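Colleague: Numbering (the working numbering), first residue to last: 223 to 391.
For glycine and all other residues, C-beta sits at the position ideal for the given N, C-alpha and C.
Computed from a predicted structure; not experimentally measured.
Pasting a structure below so you can have a look.
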Amino acid sequence: MEIALELIESMLVKFRSEKKWTLQAIEQLSEEDITSSLTSESNSIANLVAHIRGAVHSRIETILLEIPDTRDRDKEFEKGLQMSKEQAITMTRDSFDILIQYLEHLKSTPELLMSQPFLNLPPLTYSQVNNETTALNLMMAMFREVHYHTGQIIYAAKIRKGQLVWNYD
């Protein structure tokens, strides 16, 4: 179990850090920055925040809170998706808080890392994992996806603002 606990703790550190940097980037943006796309083919920060929240909902809330999967992935990528800066901050904070809560749950019961939490649930929607996946595989997929999209958010924020100010505390 020591390796499982180390892995979980490592993911907790990374998700907490990702939450901090992503929120700092969004907080420095204007309302227009949240909904504007860098190009006609790129996603806005609103799209990326909605997509992260959708993934967390369909993959984590269904397990942790037993909330039925009501995700509408296509809506996450609608051009012109409207979202206020405050909504983006709240949605980002909520997404990370749910991920961290699930990891804390796994930390208190590390034997669940190899469990198959979706085995008896309806088929997953829009997921690179299937219903036979383990909690470990699920969290590795979430780590990759969230990190990828938060990198896009921070990059877009830098392009929009020119330079961001970081609080390293």
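Can you tell me which of the three DSSP states D255 falls into?
Modeller: Indexing the sequence shown from 1 puts residue 255 at position 33. Here D255 sits in helix by DSSP.
Colleague: If contacts are defined as beta-carbon pairs under 8 angstroms, then V278 and I320 qualify, I think. What distance do you get, rounded to the angstrom?
Modeller: As a first step, residue 278 is located in the sequence shown; it is residue number 56 there, counting from the start. As a first step, residue 320 is located in the sequence shown; it is residue number 98 there, counting from the start. Sure, about 5 angstroms apart at Cβ, within 8 angstroms.
Colleague: Here's the rule I'm using: 16 or more other beta-carbon atoms within 10 Å means buried, otherwise exposed. How should E283 be labelled?
Modeller: Residue numbering aside, residue 283 sits at position 61 when the sequence shown is read from its first letter. So E283 counts as buried.
Colleague: Give me the Cα-Cα distance between P339 and T292, rounded to the nearest whole angstrom.
Modeller: For the purposes of this step, residue 339 is taken as the residue at position 117 of the sequence shown. For the purposes of this step, residue 292 is taken as the residue at position 70 of the sequence shown. Each residue's Cα considered, the two are about 18 angstroms apart.
Colleague: Alpha carbon to alpha carbon, how far is D294 from R275?
Modeller: Taking the first residue of the sequence shown as 1, we reach residue 294 at position 72. Taking the first residue of the sequence shown as 1, we reach residue 275 at position 53. Roughly 11 angstroms between the two C-alpha positions.
Colleague: Looking only at C-alpha atoms, which of E240, T261, N342 sits nearest to G302?
Modeller: On the sequence shown, position 80 is the one that residue 302 refers to. G302 has its Cα closest to that of T261, out of E240, T261, N342.
Colleague: So within the segment 226–270, which uninterrupted alpha helix (DSSP H) runs reach at least 4 residues, ignoring any that extend past its ends?
Modeller: Those alpha helix (DSSP H) runs which fall completely within the segment 226–270 and span 4+ residues are 253–257.
Colleague: When the distance is taken between beta carbons, is M313 closer than 7 angstroms to V271?
Modeller: Residue numbering aside, residue 271 sits at position 49 when the sequence shown is read from its first letter. Residue numbering aside, residue 313 sits at position 91 when the sequence shown is read from its first letter. Yes, the Cβ-Cβ distance between V271 and M313 is below 7 angstroms.
Colleague: My output table needs one value for T356: the three-state DSSP class, helix, strand or coil.
Modeller: Residue 356 sits at position 134 when you count from the first residue of the sequence shown. Coil, per DSSP.
Colleague: Apply the 10 Å Cβ neighbour rule to F336 and answer buried if 16 or more other Cβ atoms are within range, or exposed otherwise.
Modeller: Translated into the one-based positions of the sequence shown, residue 336 becomes position 114. At residue 336 the sequence reads Met, which differs from the Phe that was named. The residue is exposed, with fewer than 16 neighbouring Cβ atoms inside 10 Å.
Colleague: Name the residue from I230, L229, L346 whose alpha carbon lies nearest to the alpha carbon of S290.
Modeller: Walking along the sequence shown from the start, residue 290 turns up at place 68. Rather than Ser, the amino acid found at residue 290 in this sequence is Pro. Ranking the options by Cα distance to P290, first place goes to L346.
Colleague: Rounded to whole angstroms, how far is the Cβ of I256 from the Cβ of I267, which I believe are closer than 8 angstroms?
Modeller: Here residue 256 refers to the residue found at position 34 when the sequence shown is read from its first residue. Here residue 267 refers to the residue found at position 45 when the sequence shown is read from its first residue. I256 to I267, Cβ: 5 angstroms. Contact.
Colleague: Ordered along the chain, which non-local residues of its own chain (more than five positions away) have a Cβ less than 7 angstroms from that of E354?
Modeller: By one-based count along the sequence shown, residue 354 stands at place 132. Closer than 7 angstroms at the Cβ level, and outside the excluded window around E354, lie Q338, L341.
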